[in-house]
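Per the working numbering, the sequence shown starts with residue 129, numbered consecutively. We put the beta carbon where it would ideally sit given N, CA and C, even for glycine. Fair warning: this is a prediction, and the values are worked out from it, not measured in the lab.
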Amino acid sequence: MPCLWSLCLRSSISSELVALFWITAIILQSWNMVCNSFFKSNTRPLSSCRRALFSQSFCTKTTSDSTAMDLSGMRKKYKGDEECFEENQLVSLDPIKQFGDWFDQATKCPEIGEPNAMCIATSTKDGRPSARMVLLKGYSNEGFRFFTNYESRKGGELESNPYACLCFYWEPINRQIRIEGNVERIPFQSSCDYFHSRPKSSQIGAVVSRQSTAVPDRNYLRQKNAELEEKYKDTDVPMPDYWGGYIVKPYLIEFWQGQTNRLHDRIVFTRPKNGESVLEEYEHNAEAGWVYQRLSP
């Protein structure tokens with residue numbers, strides 16, 4: 129620094145500026161020493177655990193879309209091959225009875241809160257699909273029953289395109305049942321009987337809600353609900369004409385069980401179309417007019 133000092137003197141720089149220059153230089157040199165000391169003591173190799181945490185935090189795949197998230201690493205173990213679902217484990221070659229067996233096991237699993245919850249997919253006449261969760265309210269050899277608002281989106285789609293797909297997924301036991309069929313309204317009296325078996329609050333809720341129509345806010349629904357509670361305080365709630373049940377009459381029922389190696393088990397039952405009697409490759413006769421086969425996962 130002697131040359132700088134001489135320069136400062138020759139340039140007649142004030143003593144205040146010279147002092148400020150030296151103070152700044154000392155601060156910068158001290159900061160540099162602190163940083164070097166910190167990084168030397170903190171750049172040791174990461175342990176395997178710390179590498180894993182670092183990878184999870186900073187090594188996810190990203191795209192230019194800030195909302196994108198890579199989920200390719202999310203997977204879970206299912207059953208082992210020793211727990212596979214073989215044809216000889218079917219409790220019945222009648223798929224309705226087989227459904228009953230799996231449904232009964234699901235109801236006995238404490239980790240499954242609503243075993244009768246199912247996704248129902250419908251579509252418009254031109255093939256635009258929609259799906260939502262509803263509750264199964266009964267099944268028999270005839271089909272699978274549920275109740276809804278006939279003026280809802282699904283109701284409108286079922287009127288114009290009377291086919292649906294149901295899907296049950298019971299995650300704790302790694303099982304899924306998929307059902308395809310044509311859909312019909314159940315008799316009015318059957319809907320009425322079920323409607324009046326529901327809690328009164330649910331009956332009023334069905335009257336309040338013109339399902340899938342727009343409302344100004346939740347307070348609008350609260351107010352209508354309070355009005356109807358007062359109106360029907362001492363009388364029965366009449367079933368609205370826009371509410372009732374449907375039955376899905378199946379022509380396909382598939383039983384799926386997950387396997388860790390992704391060689392999942394799929395056994396599908398189908399009803400042959402009218403006049404069909406020749407079995408396809410790997411197809412077998414079942415009961416009650418059904419045939420079945422194993423599908424590749």
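Identify, in the order they occur along the chain, each residue of the same chain with its Cβ nearer than 6 angstroms to the Cβ of Glu-415, setting aside the five sequence neighbours on each side. Here residue 415 refers to the residue found at position 287 when the sequence shown is read from its first residue. Cβ within range, chain order: Leu-221 and Asp-222.
Under three-state DSSP, which class holds Trp-230? Along the sequence shown, one-based indexing puts residue 230 at 102. If DSSP states are grouped into helix, strand and coil, Trp-230 belongs with the helices.
Tell me the rounded alpha-carbon separation between Thr-171 and Thr-152. Taking the sequence shown and counting its residues from 1, one reaches residue 171 at position 43. Taking the sequence shown and counting its residues from 1, one reaches residue 152 at position 24. Low per-residue confidence applies at Thr-171: pLDDT is 45, beneath 50, and the placement is therefore not dependable, though the value from the model is reported in the following sentence. In this structure, the CA atom of Thr-171 is about 29 angstroms from the CA atom of Thr-152.
How many angstroms separate the CA atom of Met-197 from the CA atom of Lys-204? Locating residue 197 in the sequence shown gives position 69, where the first residue counts as 1. Locating residue 204 in the sequence shown gives position 76, where the first residue counts as 1. Rounded to the nearest angstrom, the gap between the Cα atoms of Met-197 and Lys-204 is 18 angstroms.
DSSP three-state call for Ser-200: helix, strand or coil? In the sequence shown, the residue the question calls residue 200 occupies position 72. DSSP places Ser-200 in coil when its eight states are reduced to three.
Can you give me the C-alpha to C-alpha distance between Arg-313 and Tyr-374, rounded to a whole angstrom? Stepping through the sequence shown from its first residue, residue 313 is reached at position 185. Stepping through the sequence shown from its first residue, residue 374 is reached at position 246. Whole-angstrom Cα-Cα distance: 4 angstroms.
C-alpha distance - Tyr-268 paired with Tyr-297, whole-angstrom precision: For the purposes of this step, residue 268 is taken as the residue at position 140 of the sequence shown. For the purposes of this step, residue 297 is taken as the residue at position 169 of the sequence shown. In the sequence as presented, Tyr is not what sits at residue 268; that position holds Ser. For Ser-268 and Tyr-297, the distance between alpha carbons rounds to 20 angstroms.
Starting from the C-beta of Cys-237, find all residues in its chain whose C-beta is less than 8 angstroms away, skip the five residues before and the five after it, and write them out in chain order. The count along the sequence shown starts at 1 and reaches residue 237 at position 109. Counting only Cβ-Cβ distances below 8 angstroms, and skipping sequence neighbours, we find Pro-243, Trp-298, Pro-300 and Ile-301.
Whole angstroms are fine: how far does the CA of Leu-423 sit from the CA of His-412? Reading the sequence shown from its first residue, position 284 is the one you call residue 412. Reading the sequence shown from its first residue, position 295 is the one you call residue 423. For His-412 and Leu-423, the distance between alpha carbons rounds to 13 angstroms.
Among Leu-199, Arg-260, Glu-279 and Ile-154, which has the Cα closest to the Cα of Ala-372? The residue you call residue 372 lines up with position 244 of the sequence shown. First, the residue type needs correcting, since residue 372 is Gly and not Ala in the sequence shown. It is Glu-279.
Check Gln-217 in the structure and name its three-state DSSP category. Residue mapping note: residue 217 aligns to position 89 of the sequence shown, counting from 1. For Gln-217, the three-state secondary structure derived from DSSP is helix.
Based on the DSSP output, what are the partners of Met-261 in its beta bridges? The residue labelled residue 261 in the question sits at position 133 within the sequence shown. Looking at the DSSP assignment, Met-261 forms a beta bridge with Cys-247.
Taking the CB atoms as reference points, tell me whether Lys-282 and Thr-250 lie closer together than 7 angstroms. Numbered from its first residue, the sequence shown carries residue 282 at position 154. Numbered from its first residue, the sequence shown carries residue 250 at position 122. Taking 7 angstroms as the Cβ cut-off, Lys-282 and Thr-250 qualify as a contacting pair.
Per DSSP, cross-strand counterpart(s) of Lys-377: Against the sequence shown, residue 377 aligns to sequence position 249. The beta-bridge partner set that DSSP reports for Lys-377 consists of Asn-310.
DSSP state of Thr-89 mapped onto helix, strand, coil: A question about residue 89 goes unanswered here, because the residues of the chain that appear run from 129 up to 425.
Going by Cα to Cα distance, which pick from Lys-265, Ile-305 and Gly-241 is closest to Ile-395? As a first step, residue 395 must be located in the sequence shown, where it is residue number 267. Checking every option, the nearest Cα to that of Ile-395 belongs to Ile-305.
For Pro-270, which three-state DSSP category applies? Within the sequence shown, numbered from 1, the residue matching residue 270 stands at position 142. A quick correction: the sequence has Glu, not Pro, at residue 270. In the three-state reduction of the DSSP assignment, Glu-270 falls in the coil class, being assigned neither a helical nor a strand state.
Phe-274 versus Lys-377, Gln-217 and Gly-333, residue with shortest Cα-Cα distance: The residue you call residue 274 lines up with position 146 of the sequence shown. Ranking Lys-377, Gln-217 and Gly-333 by Cα distance to Phe-274 puts Lys-377 first.
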